[in-house]
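Take a look at the structure set out below.
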Amino acid sequence: MSRSCFLKPGELYFGGGDVRVETLLGPCVSIVLWFPEAAKGGMCHFQLPGLRRVSEHARDLDGRYGVDAWVWLKQQMRVHALRLEQAQVKLFGGARSLSKPGSNLRTDIGAQNIAFVENLMAELGVQVAGRDLGGEGCRFLRFELASGEVWVRRGAALSIEPLEALQ
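Take the sequence shown: its letters are residues 1 to 167, numbered as in this note's numbering.
Rendered as structure tokens:
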């Protein structure tokens, strides 16, 4: 039986074995890395792209920011003697779950997160093996470290229509 690990916003996981990593995403984004030859992988759950700049060796990383979450994932690759080019990379999340349709990028956190992670992967020259980004609602994500399989279950967006005045 697998051991389960549920990631809350800002949390990160890296390892191998019979572990199931799960999370619930709205506008947040998860980067999932799977190294088939080593049977190891990692996942982050970040809330905002982040404008902070950190050194590659920073110890005070904040997983709520995509910039820091990516630095942490890179550190874990080094610790486990793995290289990014060995990984299957998958991206999830960035939904519009509480904002109105037609929101601009400045107010749509999900769109900002998607732009960040897509630009990051393009800058690194990473071929993304799978993605489920954008849209509306939430995603329940399950990553099986024993096999590298990822499952996604979608939920509906919350309505934010104005309430009628009470009589």
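No residue lacks a Cβ here, since even glycine has one placed at the ideal position from N, Cα and C.
Just so it is clear, the structure is predicted and the values come from calculations on it, not from any experiment.
CA nearest to the CA of residue i, picked from the options
{"i": "residue 81", "options": "15, 47 and 22", "result": "15"}
{"i": "residue 156", "options": "140, 123, 144 and 149", "result": "140"}
{"i": "residue 142", "options": "135, 123 and 150", "result": "150"}
{"i": "residue 31", "options": "86, 75 and 131", "result": "131"}
{"i": "residue 29", "options": "76, 69 and 75", "result": "69"}
Nonlocal neighbours in the same chain, by C-beta distance under 6 Å from residue i, ignoring five residues either side
{"i": "residue 18", "result": "2 and 146"}
{"i": "residue 116", "result": "49 and 66"}
{"i": "residue 126", "result": "89"}
{"i": "residue 110", "result": "27, 94, 95 and 96"}
{"i": "residue 4", "result": "20"}
{"i": "residue 86", "result": "35"}
{"i": "residue 144", "result": "20"}
Beta-carbon gap between residue i and residue j smaller than 8 Å
{"i": "residue 93", "j": "residue 113", "result": "yes"}
{"i": "residue 61", "j": "residue 71", "result": "yes"}
{"i": "residue 10", "j": "residue 78", "result": "no"}
Near the ligand SAM: residue i beta-carbon under 7 Å from a heavy atom
{"i": "residue 151", "result": "As far as ligands go, the structure on display features none, and thus does not contain the ligand SAM."}
CB-CB length for residue i against residue j, believed under 8 Å
{"i": "residue 23", "j": "residue 7", "result": "4 Å"}
{"i": "residue 138", "j": "residue 25", "result": "6 Å"}
Other residues of its chain near residue i: CB distance less than 7 Å, five sequence neighbours each side excluded
{"i": "residue 148", "result": "34, 36, 41 and 88"}
{"i": "residue 129", "result": "88, 89 and 90"}
{"i": "residue 122", "result": "none"}
{"i": "residue 166", "result": "Model confidence at residue 166 stands at a pLDDT of 44, short of 50, so the residue's coordinates are unreliable; what they give is reported in the following sentence. Within the same chain, residue 166 has no close Cβ partners at all."}
Run of the alpha helix (DSSP H) containing residue i, from where it starts to where it stops
{"i": "residue 168", "result": "What is shown of the chain runs 1 to 167, which leaves residue 168 out entirely."}
{"i": "residue 111", "result": "109-124"}
Continuous beta strand (DSSP E) stretch holding residue i: start and end
{"i": "residue 25", "result": "19-25"}
{"i": "residue 33", "result": "29-35"}
{"i": "residue 4", "result": "3-7"}
{"i": "residue 93", "result": "88-93"}
{"i": "residue 142", "result": "138-144"}
{"i": "residue 10", "result": "Element bounds for residue 10: n/a, residue is neither H nor E."}
{"i": "residue 129", "result": "128-133"}
{"i": "residue 154", "result": "150-155"}
{"i": "residue 41", "result": "40-44"}
Nonlocal neighbours in the same chain, by C-beta distance under 8 Å from residue i, ignoring five residues either side
{"i": "residue 124", "result": "84"}
{"i": "residue 134", "result": "94, 95, 96, 110, 111 and 114"}
{"i": "residue 73", "result": "12, 14, 31, 33, 42 and 44"}
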